[in-house]
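In the numbering used here, the protein residues as written are 43 to 249.
Think of the CB as a built atom: it goes at the ideal place given N, C-alpha and C, for glycine as much as any other residue.
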Amino acid sequence: MAAHLETWSKEEIRAVIRFLNAKSLNPTEIHKELQSVYGEPVISRTQVYHWCNLFEAGHFDLTDREGRGGLITATSEDNEKRVDELIRQDRREAIRRKRSGQLTNGVILQHDNATPHTARVTQGWLEKYGWEILPHPSHSPDLAPSDYHLFGPLKRELAEESALMTMKSLLTMCGNGYKTLTEVSSERVSIPWCGFGRSVLTDLVVT
43 MAAHLETWSK
53 EEIRAVIRFL
63 NAKSLNPTEI
73 HKELQSVYGE
83 PVISRTQVYH
93 WCNLFEAGHF
103 DLTDREGRGG
113 LITATSEDNE
123 KRVDELIRQD
133 RREAIRRKRS
143 GQLTNGVILQ
153 HDNATPHTAR
163 VTQGWLEKYG
173 WEILPHPSHS
183 PDLAPSDYHL
193 FGPLKRELAE
203 ESALMTMKSL
213 LTMCGNGYKT
223 LTEVSSERVS
233 IPWCGFGRSV
243 LTDLVVT
């Protein structure tokens with residue numbers, strides 16, 4: 043049995059793959075031929091399939107393509123050591139830069155309203171330590187004021203009516219309900235919303 047070739051380059055192996063592929067050998071057969079000449083660790087069968095596909099697609103460049111984008115020079119062992127030394131010298135300074143103002147202002151907790159977080163025991167501990175609880179924002183960023191102060195209360199009033207209503211009676215009831223809401227919640231519903239609210243109610247009932 044002939045000795046395996048011990049010195050070779052990637053480009054040489056790829057050229058052989060292209061040659062054997064042109065002779066209509068399939069990737070498995072090409073892989074066996076390469077192993078018989080260069081030894082088993084020469085190239086994986088997956089890579090042989092990869093290069094056969096490239097050649098059949100019309101790509102004949104045997105060199106490796108350069109990576110996209112610029113070279114990353116900021117991340118290096120020297121820079122990592124320097125940053126690590128700076129952090130270890132003054133951890134308080136590192137925390138101050140990342141969490142500005144949080145060293146002296148106490149704890150501000152924002153949770154996701156999960157049951158363990160809103161449980162009575164948890165709330166008791168939060169009050170005991172005096173932690174400020176930041177209310178969780180609404181899930182929908184596009185909610186309008188009418189979603190909070192208009193449609194909810196109106197739906198609750200309409201839900202109490204069990205009898206079937208005509209369009210006219212429905213419009214009258216919605217109008218009266220809206221008038222009551224604007225009088226009671228005048229501080230929360232601004233004046234420009236009054237005309238808008240009436241037009242919305244009219245459109246909802248008519249359509």
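- Comparing alpha carbon positions, the residue from Lys170, Cys216 and Ile59 closest to Leu76 is Ile59.
- Around Pro69, the same chain offers Arg87, Val90, Tyr91 and Cys94 as residues with beta carbons nearer than 7 Å, after the five sequence neighbours per side are excluded.
- Per DSSP, the unbroken alpha helix (DSSP H) holding Ile55 starts and ends at Lys52 to Ala64.
- Counting C-beta atoms within 10 angstroms of its own C-beta, His73 has 16 or more neighbours from the protein chains shown and is therefore classed as buried.
- In this structure, Ile129 keeps its C-beta atom at 8 Å or more from the C-beta atom of Ile85.
- Cβ-Cβ separation between Leu104 and Val79: approximately 18 Å, too far for a contact (criterion under 8 Å).
- Listed in chain order, the non-local C-beta contacts of Gln152 below 6 Å within the same chain comprise Leu176, local neighbours out to five positions each way being set aside.
- Nearest neighbour of Leu200 by Cα position, chosen from Met209, Thr208 and Met215, turns out to be Met215.
- In this structure, Val149 lies near Trp173, with their beta-carbon atoms less than 8 Å apart.
- Bridge partners of Leu151 according to DSSP: Ile175.
- When C-alpha distances from Gly100 are compared across Lys123, Glu127, Asn63 and Ser118, the shortest belongs to Asn63.
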